[in-house]
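**Q**
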Amino acid sequence: MLTIVEILSLVSAGFFLLYLSLLSTLALLSTLALFTRPKSLFDSSGIRRFAIVVPAHNEESSIERTLRSLSAIMYPRKYFDIVVIADNCEDRTADLARAHGAIVYERMNPTLRGKGYALRWCFDQLLVKQPTYDAIVVIDADSVASSNFLSVMNSYIEKGSNAVQCSDMVEPQPQAWSSEITRLGFTLYNHVRPSGRSVIRCSAGVRGNGMCFTTETLRTIPWNTYSLNEDLEYGLVLLLHGRTVDFAPEARVWATMPSNAKNAESQRARWEKGRIPVIRKYGPKLLNAALRNRSIRPFDAFVELITPPFVNLFGGVVLALIVNVGLWQFGIQQASLFSLLWLSLVLVGIFHVIVGLYAADADVLQYKAFFYIPRYALWKILLYTKVLRRGQTQEWIRTSRDHSVRTDVVSEHNKQ
1 MLTIVEILSL VSAGFFLLYL SLLSTLALLS TLALFTRPKS LFDSSGIRRF
51 AIVVPAHNEE SSIERTLRSL SAIMYPRKYF DIVVIADNCE DRTADLARAH
101 GAIVYERMNP TLRGKGYALR WCFDQLLVKQ PTYDAIVVID ADSVASSNFL
151 SVMNSYIEKG SNAVQCSDMV EPQPQAWSSE ITRLGFTLYN HVRPSGRSVI
201 RCSAGVRGNG MCFTTETLRT IPWNTYSLNE DLEYGLVLLL HGRTVDFAPE
251 ARVWATMPSN AKNAESQRAR WEKGRIPVIR KYGPKLLNAA LRNRSIRPFD
301 AFVELITPPF VNLFGGVVLA LIVNVGLWQF GIQQASLFSL LWLSLVLVGI
351 FHVIVGLYAA DADVLQYKAF FYIPRYALWK ILLYTKVLRR GQTQEWIRTS
401 RDHSVRTDVV SEHNKQ
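Its first residue numbered 1, the sequence shown is counted upward by one per residue in our numbering.
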């Protein structure tokens, strides 16, 4: 019969191997990201027509700033339209969008609520509109875009891309720890990992903000994803249909995160709750596709899908280290070896962050945000307890915004 010490050793060994594989993957992607070389010239033989879709649900406080950013994009104005979906809005979102020259589609549907339904409804109308669009871009109503955005998308499509994801980033707010740790996470998840994957020609996936699809892709593989993580799901659908999402680090969008951690709860809860059903639905399909086609791409997507958020992963490693050091101090000698092993994983996690941020040419504030991880981990534990008490919902719950929005950010980003 196994003793308690042996059981603890087996459990620690099993978790160590799991965490080792996941953290090693992240460290590898950070290293590969060092070898990416963003382009600087985007000359194209043709100018394609784009529809920039801005899904909005009660976004009167941020929609004007987003529309000013999109209007400032350096691309022939007659070749792109800005389309706002005023979805189940009860404020002045639609009126403000029209005042800024956007095409506004107002949608009221009390039953089919959610960003996924709003996008499908809008796509159906845009795909039959004349003159036809060559591609459709989606940018969130709380974001600003780099001035080269459409030039970059135009160039990638000319070179054969069917779907493109730009670098989806977060605006700096040095005074707000919650926003800064989210910015660190976005840099690693939305920039570093896709950069590394582009080196080995794997799919970048789509992030919901700053994504671009050719209209041919949307006609061939319609948008039929309506979960809480509809963007993640559609990227997997594309991959299972043999289409990869290319990563375009040269184009960027910057979202504004709430500076008050409490205001970010609804958004974070939606991300956390929405991932589990996607894993259940697509995990087996990705593994089957990897085995059937002998392809690394669906297997890479599977590993990405099951990898917990970095804070969760790193927090688990630190906790395991503390537990094993404690057991070692109480005289359980087997724990000494595992203490060293878990310490090595802590170092791997730190390596992933430092190398990743260096590859992303991050500013010093993002390095400092690493020290917010303990506070953020505690906040997430408290959030998880709230999530478990709440029922599942597909409704588009608007993230609470802060009132102190920077007005100079559009021109600032367009200088980059």
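Yeah, the Cβ is synthetic: ideal placement off N, Cα and C, and Gly gets one too.
#1: With C-beta atoms as the reference, is Ser198 less than 8 Å away from Thr36?
#2: Can you find the residues in the same chain that come closer than 7 Å, C-beta to C-beta, to Leu22, ignoring five residues on each side of it along the sequence?
#3: Could you tell me which residues DSSP puts in a beta bridge with Cys166?
#4: In this structure, what does DSSP give as the bridge partners for Val253?
#5: Can you tell me the Cα-Cα spacing of Glu250 and Thr25, whole angstroms?
#6: Only counting runs of 4 or more residues, tell me where the alpha helix (DSSP H) segments fall wholly within the segment 77-133, in order along the chain.
#7: Under DSSP, the alpha helix (DSSP H) around Phe299 begins and ends at which residues?
#8: Residues in its own chain within less than 6 Å of Glu304 by CB, not counting five upstream and five downstream?
#9: Which of the three DSSP states, helix, strand or coil, is assigned to Met211?
#10: Under 8 Å, do Leu493 and Phe123 count as touching if we go by C-beta distance?
#11: Look up Ala360 in the DSSP assignment and say whether it is helix, strand or coil.
#12: Is the segment 318-329 in contact with the segment 149-163, if contact means three or more CB pairs nearer than 8 Å?
#13: To the nearest angstrom, how far is the alpha carbon of Thr31 from that of Pro194?
#14: What three-state label does DSSP hand Phe370 in the structure shown?
#15: Cβ of Ala359 within 8 Å of Cβ of Ala33?
#16: Mapping the DSSP letters down to three states, classify Phe50 as helix, strand or coil.
#17: Taking 8 Å as the threshold (C-beta atoms), are Ser155 and Ser44 in contact?
**A** According to the structure data:
#1: As a working note, residue 198 is residue 198 in the sequence shown. As a working note, residue 36 is residue 36 in the sequence shown. Yes. Within cutoff.
#2: Against the sequence shown, residue 22 aligns to sequence position 22. Excluding residues within five positions, the ones whose Cβ falls inside 7 Å are Thr307 and Leu313.
#3: What you label residue 166 is simply residue 166 of the sequence shown in a count that begins at 1. Ala248, per the DSSP bridge assignment.
#4: Numbered from its first residue, the sequence shown carries residue 253 at position 253. Ala145 and Asp168.
#5: For the purposes of this step, residue 250 is taken as the residue at position 250 of the sequence shown. For the purposes of this step, residue 25 is taken as the residue at position 25 of the sequence shown. Straight-line Cα distance between these residues: approximately 24 Å.
#6: 93-99 and 115-126
#7: Walking along the sequence shown from the start, residue 299 turns up at place 299. Counting along the chain, the alpha helix (DSSP H) containing Phe299 begins and ends at Ile296 to Ile306.
#8: As a working note, residue 304 is residue 304 in the sequence shown. Here the set comprises nothing.
#9: Taking the sequence shown and counting its residues from 1, one reaches residue 211 at position 211. Met211 falls in the strand class under three-state DSSP.
#10: Nothing about residue 493 can be reported from this structure: the residues present for the chain run from 1 to 416 only.
#11: On the sequence shown, position 360 is the one that residue 360 refers to. Three-state DSSP puts Ala360 in coil, outside helix and strand.
#12: no
#13: Within the sequence shown, numbered from 1, the residue matching residue 31 stands at position 31. Within the sequence shown, numbered from 1, the residue matching residue 194 stands at position 194. Each residue's alpha carbon lies about 12 Å from the other.
#14: Translated into positions along the sequence shown, residue 370 becomes position 370. DSSP places Phe370 in helix when its eight states are reduced to three.
#15: If you number the sequence shown from 1, residue 359 lands on position 359. If you number the sequence shown from 1, residue 33 lands on position 33. Yes, the Cβ-Cβ distance between Ala359 and Ala33 is below 8 Å.
#16: Indexing the sequence shown from 1 puts residue 50 at position 50. Here Phe50 sits in strand by DSSP.
#17: Numbered from its first residue, the sequence shown carries residue 44 at position 44. Numbered from its first residue, the sequence shown carries residue 155 at position 155. Contact flag set, yes.
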